[in-house]
Each structure stands twice: as C-alpha cells, then as structure tokens.
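Numbering of the sequence shown is given in full-length UniProt numbering, commencing with residue 1 and proceeding in unit increments. Beta carbons are placed, not taken as given, at the ideal position from N, Cα and C, and that holds for glycine. Nothing here was measured: the structure is a model prediction, and the numbers come from that model. This report concerns only the one structure given below.
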Amino acid sequence: MDVKTTFLHGDLEEQIYMEQPDRFTQPGHEHLVCKLKKSLYMAVAEAAKEALWLSGLSKELGVEQGGVQLHCDRQSAIYLAKN
Numbered sequence: 001m002d003v004k005t006t007f008l009h010g011d012l013e014e015q016i017y018m019e020q021p022d023r024f025t026q027p028g029h030e031h032l033v034c035k036l037k038k039s040l041y042m043a044v045a046e047a048a049k050e051a052l053w054l055s056g057l058s059k060e061l062g063v064e065q066g067g068v069q070l071h072c073d074r075q076s077a078i079y080l081a082k083n
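Pasting the structure below:
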C-alpha cells in the first residue's frame, strides 16, 4: 500500500508506521515513529461531516451561531515558527 492509497482507506488492516514530520519531533526523541490506526484522510473527512451535521442541527433548533472567543497561549505557534 503506498502513501496515496493509504489516505483513501478507512480502517487499516495491516500495521503502518510513519516517521514523525520534522516539526513534530522532540530533541532526544528523533527515533520515535507514529503507528496509524486509521487513515488520516478518513479522520479529517469524518470530522468535516460531523461539523456539517452539527451546523444543520443547530439551525433546525434555532440556535444562533455566532463567533466564539478562543483563548490560547502562543507557545505552540512560537515553537512551530522556530522550526
């Protein structure tokens, strides 16, 4: 199974490991890899479907959809920018 077809399959029947992208490695842990349980494409597609369903349900129930204030620290953005 190549990388392109891996993303198109849902549940994985065989064990697939991938190297961590450079920006996700931590000093001293460069040897670690990821073990995929589901294809990444399917996980994103499922999340998008759930978001659309929830949006439709909110409209049917008359729940007003507005902006949400989000508070987070910027440490992760700074870390990614440095790499």
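Determine which residues share a DSSP beta bridge with residue i and list them.
| i | result |
| --- | --- |
| Glu-19 | Val-33 |
In angstroms with no decimal places, state the Cα-to-Cα distance between residue i and residue j.
| i | j | result |
| --- | --- | --- |
| Lys-35 | Gln-20 | 10 Å |
| Ser-76 | Lys-82 | 10 Å |
| Glu-30 | Gly-67 | 39 Å |
| Gly-56 | Gln-65 | 11 Å |
| Gly-62 | Val-44 | 27 Å |
| Gln-26 | Cys-72 | 22 Å |
Leaving out the 5 sequence neighbours to the left and right, which residues in its chain are closer than 7 Å to residue i when beta-carbon positions are compared?
| i | result |
| --- | --- |
| Leu-80 | Arg-23 |
Can you list, in chain order, the residues of its chain with a C-beta nearer than 8 Å to that of residue i? Leave out the 5 residues immediately preceding and following it.
| i | result |
| --- | --- |
| Ala-47 | none |
| Ser-58 | Gln-65 |
Note down, in chain order, each residue of its chain lying with its Cβ closer than 6 Å to the Cβ of residue i, except the 5 sequence neighbours on either side.
| i | result |
| --- | --- |
| Met-18 | Cys-34 |
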